[in-house]
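According to our numbering, the residues represented by the sequence shown are 12 to 528, in order.
No residue lacks a Cβ here, since even glycine has one placed at the ideal position from N, Cα and C.
As the structure is a prediction and not an experimental result, all values here were calculated from the model.
A short worksheet on the structure shown next.
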Amino acid sequence: MGGPVISLRSKAIARKVVSGASALVLAATILAACGGAQRSALPPPAVLPAGPVGHAGRWLVDSQGRVLLLHGVNVVAKNAPYYPSAFGFGSADAAWLASQGLDVVRLGVLPSGEMPTMGKIDVSYIDQLVSTLHMLARHHIFTLLDWHQDGYGTYFDQPGTYYRADGFPTWMTITNGAPDKQAVFPFDYTSNPALQEAFQAFWDNQVLPGGKSLQAYDLAMLSAVAKRVAGDPWVLGYEVMNEPWPGTTWLPCLTGNGCPSLDATELDPYYARAARAIRAVDPHHMIFFEPFVTYNFGLAPTHIALPRGISNTGMAFHQYAQSPAAARQVFANSLAWSKATGGALLNTEWSSTGTNPASIIAQANDEDAALMPWTYWVFSGCNIACSPARQADLLLHMSRPPVGSNVNAPVVDAVVRPHPVAVAGVPLHLAYDPSSHVMTFSWSPERAGGTGYFGAGATSVFAVPRLDYPLGYTVHASGVKVLSAPNASTLVVAERPPPAKRSPKLAPELSIRLAAR
Numbered sequence: 012m013g014g015p016v017i018s019l020r021s022k023a024i025a026r027k028v029v030s031g032a033s034a035l036v037l038a039a040t041i042l043a044a045c046g047g048a049q050r051s052a053l054p055p056p057a058v059l060p061a062g063p064v065g066h067a068g069r070w071l072v073d074s075q076g077r078v079l080l081l082h083g084v085n086v087v088a089k090n091a092p093y094y095p096s097a098f099g100f101g102s103a104d105a106a107w108l109a110s111q112g113l114d115v116v117r118l119g120v121l122p123s124g125e126m127p128t129m130g131k132i133d134v135s136y137i138d139q140l141v142s143t144l145h146m147l148a149r150h151h152i153f154t155l156l157d158w159h160q161d162g163y164g165t166y167f168d169q170p171g172t173y174y175r176a177d178g179f180p181t182w183m184t185i186t187n188g189a190p191d192k193q194a195v196f197p198f199d200y201t202s203n204p205a206l207q208e209a210f211q212a213f214w215d216n217q218v219l220p221g222g223k224s225l226q227a228y229d230l231a232m233l234s235a236v237a238k239r240v241a242g243d244p245w246v247l248g249y250e251v252m253n254e255p256w257p258g259t260t261w262l263p264c265l266t267g268n269g270c271p272s273l274d275a276t277e278l279d280p281y282y283a284r285a286a287r288a289i290r291a292v293d294p295h296h297m298i299f300f301e302p303f304v305t306y307n308f309g310l311a312p313t314h315i316a317l318p319r320g321i322s323n324t325g326m327a328f329h330q331y332a333q334s335p336a337a338a339r340q341v342f343a344n345s346l347a348w349s350k351a352t353g354g355a356l357l358n359t360e361w362s363s364t365g366t367n368p369a370s371i372i373a374q375a376n377d378e379d380a381a382l383m384p385w386t387y388w389v390f391s392g393c394n395i396a397c398s399p400a401r402q403a404d405l406l407l408h409m410s411r412p413p414v415g416s417n418v419n420a421p422v423v424d425a426v427v428r429p430h431p432v433a434v435a436g437v438p439l440h441l442a443y444d445p446s447s448h449v450m451t452f453s454w455s456p457e458r459a460g461g462t463g464y465f466g467a468g469a470t471s472v473f474a475v476p477r478l479d480y481p482l483g484y485t486v487h488a489s490g491v492k493v494l495s496a497p498n499a500s501t502l503v504v505a506e507r508p509p510p511a512k513r514s515p516k517l518a519p520e521l522s523i524r525l526a527a528r
């Protein structure tokens, strides 16, 4: 299909030769030649993505119905007092994230911090998280609130080890006499019967002294935060549990068809209760449910259901496959799940073991190919003094500013890339070549969900990090016109009117290309 095309390129290669096919496209293009690399002011608020965020099938959409392909990062404080600002995360960090084109933070909510004593919500803990959320909003960054656990909770923590258990407080840990064979996370999942029994007790919703069940306390924590932020447009939504473990009968979940019976008897009832608890205080924000952590290796699908009668729900999944083929299978399984359920998709964790930029780039390329919004793991896993520093983190130490040697440059270079943020249409293709700094993107002007078409003047927004384009860029476009200033870190384009005598339904495909040195 012929149609609109945009191309951005660095001043350093403005002489690029085009093929015959490209020349036909460029004959109908707009060329925006860029001057020196300067960070321009943000576009007006009416152009920027705005909440509340909803969805149309797999796609996240903003309040204008534009598809959101957000890129972001996890910020999780796993040490007491369990909120990032206690370890130095502040406005300078948020400004740095925004300068890298990162537009969402998955903010960890640790149950041990929110309800350290049975039945008593620590309101001051929620205050700290809300303060961070508002600070991120001032930098136009969405927040996804993630109730986080690793290895169930603090009962199984082993201080001084490289990986730590965190999440539920000790008083929520019921082991029913199972032997506690301590092991380092994540190997504790498969080797520690006490940890497996703790999860089983949670899925069985066992009652604690005083007459309330484990899940009743958990739902109280979800409700307390949701009630507090229900009206905040910069809340992307809620992720009700990080990486749930199947309990004592976990082995079938690893391969084959997964464990549909456990999905139906453990996850589905809990997620339905969680969704109803959140909806009782917040009728709007997205609610995300994770499959069992075994899903994240690409060896088996999930069969979780969306709770009946609850709007704006979807699946948050992670990608930690051990091979490129298995990684792509994670995306294939997720897309198949969304097609079957109609639920939204968001990849909320992916990373590399060690400093391996090539692996990170390959995974990011797969994310683009799958047209997936994502949050990278992690901003900084080193809340206090850590040795050795975690090599896949963006910053080596959260307590230090995002400058100089504290910035893990090889990893940041691999993670940060230009991307569409809010698209007036349905994305069709996205690819970025870090070696040539060329990004290509195409989309249809049809509204996600098939409810009509975006018309002339509809805006799409792109993040163009200066890290990728230090010398500036040029834009080639057909079918859209460029509204933003030269070299703007936020590129804005508006759809042109369709050709005369052509129905909007026949509006041609749009595409965008960025190129640099």
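Residue nearest to residue i in terms of C-alpha spacing, selected from the options
i       : options                               : result
Arg-458 : Gln-75, His-82, Leu-155 and Trp-245   : Gln-75
Ser-455 : Leu-502, Pro-257 and Gly-490          : Gly-490
Leu-502 : Pro-509, Pro-508 and Arg-477          : Arg-477
Ala-333 : Ala-373, Tyr-228 and Arg-319          : According to the sequence displayed, residue 333 carries Gln and not Ala. Selected option, being the one with the closest Cα: Ala-373.
Pro-6   : Gly-242, Phe-210, Ala-212 and Asp-199 : Nothing in the structure corresponds to residue 6, since the chain is present only between 12 and 528.
Thr-359 : Lys-131, Ser-370, Ala-375 and Ile-185 : Ala-375
Tyr-93  : Pro-384, Val-493 and Asp-138          : Asp-138
Tyr-387 : Thr-276, Val-87 and Ala-57            : Val-87
Trp-182 : Asp-73, Lys-223 and Thr-143           : Lys-223
Asp-479 : Ser-446, Ala-469, Ala-488 and Thr-462 : Ser-446
Leu-406 : Ala-57, Ser-322, Val-84 and Leu-219   : Val-84
His-66  : Asp-377, Gly-130, Gly-354 and Tyr-281 : Gly-354
Ala-435 : Asn-419, His-448 and Phe-452          : Phe-452
Asp-229 : Tyr-163, Ile-321 and Leu-53           : Tyr-163
Ala-194 : Gly-171, Phe-179 and Pro-180          : Gly-171
Gly-320 : Arg-284, Gly-112 and Ser-349          : Arg-284
Pro-60  : Thr-462, Met-232 and Ser-471          : Ser-471
Gly-415 : Ser-96, Leu-71, Trp-107 and Phe-98    : Trp-107
Thr-462 : Glu-250, Ser-495, Gly-68 and Pro-54   : Gly-68
Ala-469 : Glu-506, Lys-492, Val-449 and Tyr-443 : Glu-506
Gly-130 : Asp-157, Pro-54, Leu-156 and Ala-231  : Ala-231
Ala-227 : Tyr-281, Ala-488 and Tyr-443          : Tyr-281
Beta-bridge pairing of residue i - partner residues as DSSP gives them
i       : result
Phe-303 : Beta-bridge pairing links Phe-303 to no other residue.
Ala-327 : Leu-357
Val-218 : Ser-224
Arg-117 : Asn-85 and Leu-155
Thr-462 : Per DSSP, none; premise fails for Thr-462.
Thr-260 : According to DSSP, which records beta bridges pairwise, Thr-260 is partnered with nothing at all.
Lys-492 : Ala-505
Val-78  : Val-72 and Val-434
Phe-473 : Pro-431 and Leu-502
Ala-467 : Paired residues: none, contrary to the question.
Glu-254 : The partner list for Glu-254 (beta bridge, DSSP) is empty, contrary to what the question assumes.
Glu-457 : Tyr-464
Val-246 : Thr-154
Ala-332 : Answer is none; Ala-332 lacks a bridge partner.
Neighbourhood of residue i by C-beta distance below 6 Å, restricted to the same chain and skipping five residues each side
i       : result
Gln-49  : Caution applies to Gln-49, whose pLDDT of 46 falls short of 50 and renders its modelled position unreliable; the value that the coordinates give is listed next. So the qualifying residues of the chain are Asn-498.
Phe-153 : Val-115, Trp-245 and Leu-247
Val-475 : Pro-429, Ser-500 and Leu-502
Tyr-200 : Trp-256
Leu-219 : none
Val-389 : Asn-85 and Asp-404
Gly-168 : In the sequence as presented, Gly is not what sits at residue 168; that position holds Asp. So the list reads Arg-175 and Ala-176, once near-sequence residues are dropped.
Neighbourhood of residue i by C-beta distance below 7 Å, restricted to the same chain and skipping five residues each side
i       : result
Leu-382 : Leu-80, Pro-438 and Leu-441
Asp-279 : Ile-315 and Ala-316
Ser-345 : Met-326, Phe-328 and Leu-356
Cys-264 : Pro-257, Cys-270, Leu-273, Phe-303, Thr-305 and Ala-311
Pro-508 : Ala-467
Gly-267 : Ala-311
Phe-196 : Asp-161, Gly-162, Tyr-174, Arg-175 and Ala-176
Thr-259 : Gln-207, Glu-208 and Gln-211
Beta-carbon contacts of residue i that lie in its chain and below 8 Å, excluding the five residues immediately before and after
i       : result
Ile-371 : Ser-362, Ser-363, Ala-403, Val-422, Ala-425 and Val-426
Ser-234 : Ala-288, Ile-289, Ala-291 and Val-292
Ile-238 : Looking at the sequence itself, residue 238 is Lys, so the reference to Ile does not match. Contacts found: Val-292 and Asp-293.
Lys-89  : Gly-119, Leu-121, His-159, Asp-161, Arg-175, Asp-177, Gly-392 and Asn-394
Could you give the uninterrupted runs of the beta strand (DSSP E) lying entirely in the segment 365-448, keeping only those of 3 residues or more?
385-387, 430-434 and 437-444
Inter-stretch contact (C-beta, 8 Å, three-pair minimum) for the segment 339-355 and the segment 363-372:
no
For the segment 119-176, list the alpha helix (DSSP H) runs that are entirely contained and at least 4 residues long, ordered along the chain.
Complete alpha helix (DSSP H) runs here, min 4: 122-125 and 134-149.
Just checking, does the segment 477-484 make contact with the segment 113-130 on the three C-beta pairs under 8 Å criterion?
Contact between the segment 477-484 and the segment 113-130 is absent, because fewer than three Cβ pairs lie under 8 Å.
Are the segment 94-104 and the segment 200-220 touching, with three or more C-beta to C-beta distances below 8 Å?
As far as the Cβ criterion goes, the segment 94-104 does not touch the segment 200-220, which means the pair count is below three.
Quick one: which unbroken beta strand (DSSP E) runs of 3-plus residues sit fully inside the segment 274-318? Chain order, please.
297-300
Counting beta carbon pairs with one atom in the segment 210-229 and one in the segment 185-192, are three or more of them shorter than 8 Å?
yes
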